[in-house]
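See below for the structure under consideration.
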Amino acid sequence: MMTSAEIRKKFLDFFVSKGHTIVPSAPIVVKNDPTLKFTNAGMNQFKDYFLGNQKAPWSRVADTQKCLRVSGKHNDLEEVGVDTYHHTMFEMLGNWSFGDPANPAAGYFKKEAIAWSWELLTELYGIPKDRLYVTVFEGDKDSNLPQDTEAQNEWKKWIAEDRILLGNKKDNFWEMGDTGPCGPCSEIHVDCRTDAERRQVDGATLVNNDHPQVIEIWNNVFMQFNRLKDGSLQPLPAQHVDTGMGLERLVRVMQGKQSNYDTDIFTGTIAAVEKIVNKKYTAGDSKTDISFRVIADHIRAISFTIADGQLPSNTDAGYVIRRILRRAVRYYYSNLDYKQPLLFQLVPVLAEQFQDVFPELQKQHEFVAKVIKEEEEAFLRTLDKGLKKIDDIIQQSVGKVIAGTAAFELYDTYGFPVDLTRLIATENGLTVD
Ligand code: GLY
Numbered sequence: 002m003m004t005s006a007e008i009r010k011k012f013l014d015f016f017v018s019k020g021h022t023i024v025p026s027a028p029i030v031v032k033n034d035p036t037l038k039f040t041n042a043g044m045n046q047f048k049d050y051f052l053g054n055q056k057a058p059w060s061r062v063a064d065t066q067k068c069l070r071v072s073g074k075h076n077d078l079e080e081v082g083v084d085t086y087h088h089t090m091f092e093m094l095g096n097w098s099f100g101d102p103a104n105p106a107a108g109y110f111k112k113e114a115i116a117w118s119w120e121l122l123t124e125l126y127g128i129p130k131d132r133l134y135v136t137v138f139e140g141d142k143d144s145n146l147p148q149d150t151e152a153q154n155e156w157k158k159w160i161a162e163d164r165i166l167l168g169n170k171k172d173n174f175w176e177m178g179d180t181g182p183c184g185p186c187s188e189i190h191v192d193c194r195t196d197a198e199r200r201q202v203d204g205a206t207l208v209n210n211d212h213p214q215v216i217e218i219w220n221n222v223f224m225q226f227n228r229l230k231d232g233s234l235q236p237l238p239a240q241h242v243d244t245g246m247g248l249e250r251l252v253r254v255m256q257g258k259q260s261n262y263d264t265d266i267f268t269g270t271i272a273a274v275e276k277i278v279n280k281k282y283t284a285g286d287s288k289t290d291i292s293f294r295v296i297a298d299h300i301r302a303i304s305f306t307i308a309d310g311q312l313p314s315n316t317d318a319g320y321v322i323r324r325i326l327r328r329a330v331r332y333y334y335s336n337l338d339y340k341q342p343l344l345f346q347l348v349p350v351l352a353e354q355f356q357d358v359f360p361e362l363q364k365q366h367e368f369v370a371k372v373i374k375e376e377e378e379a380f381l382r383t384l385d386k387g388l389k390k391i392d393d394i395i396q397q398s399v400g401k402v403i404a405g406t407a408a409f410e411l412y413d414t415y416g417f418p419v420d421l422t423r424l425i426a427t428e429n430g431l432t433v434d
C-alpha cells in the first residue's frame with residue numbers, strides 16, 4: 002500500500018514528466034485579494050495569469066496547495082467530521098496550463114488534461130476503470146453557455162459512454178468566487194462501494210448525490226471566462242487548464258479505506274487524541290467519533306493557518322480561525338470529557354508528519370502551540386458557564402428558535418461564535434434567529 006507521501010510524490014513526478022515545473026504551495030491566508038480571505042483552491046495564486054493581468058513565468062506548473070474551505074463561496078464547515086470526506090483544510094493536488102496565444106504549443110487544453118488525468122489514475126495509481134465516472138458541463142441556456150462537447154468527445158476516447166455524465170452549472174461550471182476566473186469543468190468520481198453494492202445500484206445514479214462512498218476526487222476546470230461584478234461573463238484573453246484533486250480523498254481510495262480519517266494522513270493525529278483523552282475512536286457516527294474527526298481535521302486548519310501568519314483574533318480571517326478553534330474545543334469539552342487545553346498537544350505530531358512537504362510548521366511549532374494553548378485557555382475560562390447558559394436558553398426558548406438577543410449574549414459574554422450557537426441549537430432541534 003502506498004503511503005500518502007508516496008501518493009503525493011507520484012502526482013508531482015507524473016506532471017514533471019509532462020513538462021511541468023513544481024511550485025510551492027501559496028500561504029493559506031490570502032493578503033492581496035479583496036475577494037478572498039483564504040486560499041480555497043490551487044488556482045488562487047495564479048489568478049492574475051488567468052485574467053491576463055500578468056504573464057506567467059511558466060507555461061505548465063503543478064503543486065500541492067494548502068486550501069481552506071470555511072467561508073465564502075466554498076464552505077464545507079458543517080459537513081466536517083459528521084461525514085468522512087469533507088475538510089476545513091485539505092491539500093489540493095493541481096496541474097495548470099497557462100495559455101499564451103503567441104505560443105500555443107507551450108500550453109495544453111482539454112485533450113491533454115483529460116488524457117493525463119486518465120493515465121495517472123488508471124495506469125500509475127491503478128484505480129480500476131469500472132469504478133470511475135466522469136461528468137461534463139451540460140450547458141446553461143440562461144447564461145448562453147453551450148454543452149461541453151469537446152470534453153465529452155475527449156472522454157469518449159478513454160471511458161465507456163455510459164460513464165460520461167452530464168452535469169449542471171452548480172456541479173460543472175467552476176467559479177473561484179462571486180467574481181473572477183471561471184469555466185466549464187469535468188469532474189472525476191470514484192465508486193468505492195463493495196462489488197455487491199455496485200451490482201445492486203448503478204453507481205452513475207449516485208454521482209453528485211452526497212453518497213459517502215461515491216465521491217468526487219478530481220476536477221479539471223477549463224478556464225475561459227472572467228465573471229464580472231455585474232454577473233456577466235467576459236471571455237479571457239487565453240484558455241487555461243486548472244485542476245484540483247483532493248489528496249485526502251485520493252489517499253483514501255488508494256489505501257482502500259471507507260473514510261479519509263482511516264488513512265495515514267489522519268491516523269497519527271487520532272491516535273494522539275486517543276492517548277490524551279483515554280478513549281477509543283471506533284470510526285462510527287457517535288458524538289465521540291464525530292469529535293475525534295472534528296479535532297483531527299480542525300487542528301490542521303488552525304496550525305497551518307497560524308504557521309502561515311494568521312493569528313486568531315476578533316475580526317476577519319483571524320476570527321475565522323478563532324471560530325474553528327472554539328468549535329473544536331467545545332467538541333472535546335462536551336463529548337470527550339476533556340476539560341483542559343488539548344489541541345496544542347497535537348502540533349508536534351503534525352509538524353513532524355508534514356516536515357518534508359510544509360516545513361513552515363516544524364520551523365515554528367513551539368510558537369504555534371503556544372498561540373493555540375493560550376486561545377484554548379481563554380475559551381475554556383467561559384465555556385462551562387456558556388454551556389449552562391445555552392442550556393437555559395434552550396429550555397426557555399419559545400417555538401424552537403433561539404432569539405437573536407440570546408445568541409448575541411452568548412457571543413458577547415461567553416465568546417460563543419454564532420456558528421457554535423447554531424451547532425448546539427441544531428443538536429437540540431432548534432434554530433437561531
Ligand atoms: N479550481 C478547481 C477546483 O477547485 O476544483
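The opening position of the sequence shown corresponds to residue 2 in this note's numbering, with each subsequent residue numbered one higher. All C-beta atoms, glycine included, are put in the ideal place defined by N, C-alpha and C.
Starting from residue i, follow the alpha helix (DSSP H) in both directions and report where the run begins and ends.
| i | result |
| --- | --- |
| Val254 | Leu248 to Met255 |
| Pro360 | Pro360 to Lys364 |
| Phe409 | Gly405 to Tyr415 |
| Thr289 | Lys288 to Ala308 |
| Arg164 | No alpha helix (DSSP H) contains Arg164, which DSSP labels as neither H nor E. |
| Gln354 | Val348 to Gln354 |
| Phe51 | Lys48 to Leu52 |
| Glu112 | Reading off the sequence, residue 112 comes out as Lys, not Glu. It spans Lys111 to Trp119 - the alpha helix (DSSP H) in which Lys112 sits, taken as one unbroken run. |
| Ile425 | Val419 to Glu428 |
Taking residue i as part of the beta strand (DSSP E), name the residues at either end of that continuous run.
| i | result |
| --- | --- |
| Phe15 | Counting along the chain, Phe15 falls outside any beta strand (DSSP E), though it belongs to the alpha helix (DSSP H) covering Ser5 to Ser18. |
| His21 | Taken as a continuous stretch (DSSP letters only), His21 belongs to no beta strand (DSSP E), as it is neither H nor E. |
| Ile160 | Careful: Ile160 lies outside any beta strand (DSSP E) and carries neither H nor E. |
| Pro182 | Gly181 to Asp192 |
| Asp64 | Arg61 to Leu69 |
| Ser335 | No beta strand (DSSP E) holds Ser335; the alpha helix (DSSP H) holding it covers Asp317 to Asn336. |
| Glu176 | Phe174 to Glu176 |
Would you check whether ligand 1 has a heavy atom nearer than 7 Å to the C-beta of residue i?
| i | result |
| --- | --- |
| Met255 | no |
| Met44 | yes |
| Gly169 | First, the amino acid is wrong: residue 169 is Asn here, not Gly. Not under cutoff, so the answer is no. |
| Val222 | yes |
| Gly245 | yes |
| Trp117 | no |
| Trp175 | yes |
According to DSSP, what are the bridge partners of residue i?
| i | result |
| --- | --- |
| Phe1 | Shown here, the chain extends from 2 to 434; a query on residue 1 therefore has no answer. |
| Val278 | None, per the DSSP bridge assignment. |
| Met90 | Leu69 |
| Phe138 | Gly168 |
| Leu133 | Val191 |
| Asn96 | Ala63 |
| Thr244 | Asn221 |
| Leu78 | Bridge partners of Leu78: none, in fact. |
| Phe39 | Val30 |
| Thr432 | Val402 |
| Leu146 | Asp141 |
How many whole angstroms separate the CB atoms of residue i and residue j, which I take to be in contact at a CB cut-off of 8 Å?
| i | j | result |
| --- | --- | --- |
| Ile189 | Val222 | Not really, about 12 Å apart at Cβ, beyond 8 Å. |
| Lys74 | Pro182 | Actually they are not in contact, since the Cβ atoms of Lys74 and Pro182 sit about 13 Å apart, beyond 8 Å. |
| Ala407 | Ile394 | 5 Å |
| Met224 | Phe51 | 5 Å |
| Met93 | Ala42 | 6 Å |
| Val274 | Val81 | At roughly 15 Å, the Cβ-Cβ gap does not stay under 8 Å, so Val274 and Val81 are not in contact. |
| Leu344 | Ile303 | 7 Å |
| Arg253 | Ser260 | 7 Å |
| His241 | Trp97 | 7 Å |
| Ala125 | Ile160 | A small correction: the amino acid at residue 125 is Leu; Ala does not occupy that position in the sequence shown. Leu125 to Ile160, Cβ: 17 Å. No contact. |
| Asp172 | Asn209 | 5 Å |
| Ser314 | Arg323 | 7 Å |
| Arg9 | Thr65 | 6 Å |
| Pro227 | Thr244 | Here residue 227 turns out to be Asn, not Pro, going by the sequence shown. With a Cβ gap of about 19 Å, Asn227 and Thr244 do not count as contacting. |
| Cys68 | Thr40 | 5 Å |
| Leu326 | Glu367 | Rounded, the Cβ-Cβ distance is 18 Å, inconsistent with contact. |
| Gly405 | Thr383 | That pair is no contact at about 20 Å. |
| Ile218 | Val191 | 5 Å |
Quick check on the DSSP output: what are the complete alpha helix (DSSP H) runs of length 4 or more inside the segment 187-235, in order along the chain?
196-201
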